[in-house]
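Here the structure is laid out as structure tokens; the discussion comes afterwards.
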Amino acid sequence: MSFVDFWPEYTAFTNQGIDGGFYQSDFTLTTASGSALLVLLSDNLE
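Counting from 1, one number per residue, gives the positions in the sequence shown under the numbering used here.
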């Protein structure tokens, strides 16, 4: 898995069969409104 920082608020990931990214948002989730737990599994996380 590879990570690339494009700017302080966005990081992309590639090379695990799916590509995507994470961005910083002003929206805040709580347990009352529900939220997701993302888990990334890789044998070679660099």
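By construction, the Cβ of each residue, glycine as well, lies at the ideal position given by its N, Cα and C atoms. Just so it is clear, the structure is predicted and the values come from calculations on it, not from any experiment.
Through-space distance from residue j to residue i, alpha-carbon basis
i          : j          : result
residue 28 : residue 13 : 22 Å
residue 9  : residue 25 : 8 Å
residue 6  : residue 42 : 22 Å
residue 20 : residue 44 : 17 Å
8 Å Cβ cutoff met for residue i and residue j
i          : j          : result
residue 1  : residue 37 : no
residue 22 : residue 11 : yes
Neighbourhood of residue i by C-beta, 6 Å cutoff - its chain only, sequence neighbours within 5 removed
i         : result
residue 4 : 12
Same chain, Cβ closer than 8 Å to residue i, neighbours up to 5 away in sequence not counted
i          : result
residue 82 : Since the first and last residues shown for the chain are 1 and 46, residue 82 lies out of range.
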